[in-house]
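Here is the structure we will look at, set down as structure tokens.
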Amino acid sequence: MEIKTETDRLILREIIEADDLALFELDSNPEVCIYLGNNPVKNLEESQEIIKFIQIQYAENGIGRWAVILKETNEFIGWCGLKLYKEALNHHINFYELGYRFMPKYWGKGFATEAAKASLNYGFNKLKQEKIFAITDINNLKSIHVLEKIGFKIKEKFMYDNEEHFWLECQKESNTF
Ligand SMILES: CC(C)(COP(=O)(O)OP(=O)(O)OC[C@H]1O[C@@H](n2cnc3c(N)ncnc32)[C@H](O)[C@@H]1OP(=O)(O)O)[C@@H](O)C(=O)NCCC(=O)NCCS
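Quick note on the working numbering: the sequence shown kicks off at -8 and runs consecutively.
Shown next as structure tokens:
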């Protein structure tokens, strides 16, 4: 298990098989999935498959979503990180997209903002990217707020999973932390 980066309160490390129960708790919660296609996972095996899929991304791309661990308690509180899109989406190809998802009991404490900043820094400084992208449902106001707070700008609306989404970009130079 590799620690990829950390913040004052959080460790971001690769997701491992032993995260299956925590990931299932996260992804099976309908409240978490409201803006994610409303399709909560139904059993532990689905979460185990997701972990295998992410681990293939680590092996092939050197990156994927990371587990976010609360230093104080060593708990898995969600995931955050960059995914490499190798297929075209909204006229872009081979780009890194920032994503995150946290357990509701940890919402509103600044963890998404903190983990997202650390992931962005990794993308700009370690992966040497000039631009990082994000995609969010146009009604996901909290997520839009987090993204704008850390330097993303809404570029356009596009259809994704049959819902209207915003396409956002963050330029390295607008990254001020
Ligand atoms: C979106 C999500 C990651 C936010 O996580 P979080 O840890 O609560 O985020 P933070 O505490 O870092 O920041 C939330 C910000 O949104 C603000 N906020 C809360 N409700 C809001 C609303 N209805 N409209 C706009 N902003 C809102 C908070 O005030 C806070 O901003 P501030 O720090 O400037 O006060 C979390 O709700 C989540 O996991 N949702 C389910 C999965 C998901 O939607 N992922 C994003 C997919 S694009």
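Just so you know, even glycine gets a beta-carbon here, dropped at the ideal spot from N, CA and C. Keep in mind that this is a model prediction, so the values were computed, not measured.
Should D152 go down as buried or exposed, given a rule of 16 or more other Cβ atoms within 10 Å for buried?
Taking the sequence shown and counting its residues from 1, one reaches residue 152 at position 161. Classification of D152: exposed, given that the 10 Å Cβ count is below 16.
Measure the beta-carbon distance from K74 to G90 and round it to whole angstroms, keeping in mind my assumption that it falls under 8 Å.
To locate residue 74, count along the sequence shown from 1; it is residue 83. To locate residue 90, count along the sequence shown from 1; it is residue 99. Yes, they are in contact, since the Cβ atoms of K74 and G90 sit about 6 Å apart, within 8 Å.
Count the other CB atoms, across all protein chains shown, that sit within 10 Å of the CB of L118; report buried if there are 16 or more and exposed otherwise.
Indexing the sequence shown from 1 puts residue 118 at position 127. Classification of L118: exposed, given that the 10 Å Cβ count is below 16.
Three-state secondary structure (DSSP) at E164?
On the sequence shown, residue 164 is found 173 positions in, with the first residue counted as 1. The answer is helix: DSSP assigns E164 an H, G or I state.
Which term fits I68, buried or exposed, when burial requires 16 or more other beta carbons within 10 angstroms of its beta carbon?
Taking the sequence shown and counting its residues from 1, one reaches residue 68 at position 77. Classification of I68: buried, given that the 10 Å Cβ count is 16 or more.
On the DSSP bridge assignment, give the partners of V192 in chain order.
Since the first residue of the chain shown is -8 and the last is 168, residue 192 is not available in this structure.
Can you check DSSP and say which residues form a bridge with D152?
If you number the sequence shown from 1, residue 152 lands on position 161. Paired residues: none, contrary to the question.
Since I believe W57 is in contact with L3 (beta carbons under 8 Å), could you give me their beta-carbon distance rounded to a whole number of angstroms?
Position 12 of the sequence shown, counted from the start, is the residue given in the question as residue 3. Position 66 of the sequence shown, counted from the start, is the residue given in the question as residue 57. Indeed they touch by this definition, with Cβ atoms about 4 Å apart.
Excluding the 5 residues preceding and the 5 following E160 in the sequence, name in chain order all residues of the same chain whose CB lies nearer than 7 Å to its CB.
For the purposes of this step, residue 160 is taken as the residue at position 169 of the sequence shown. Result list for E160: K122, F124, F143, K144 and K146, in chain order.
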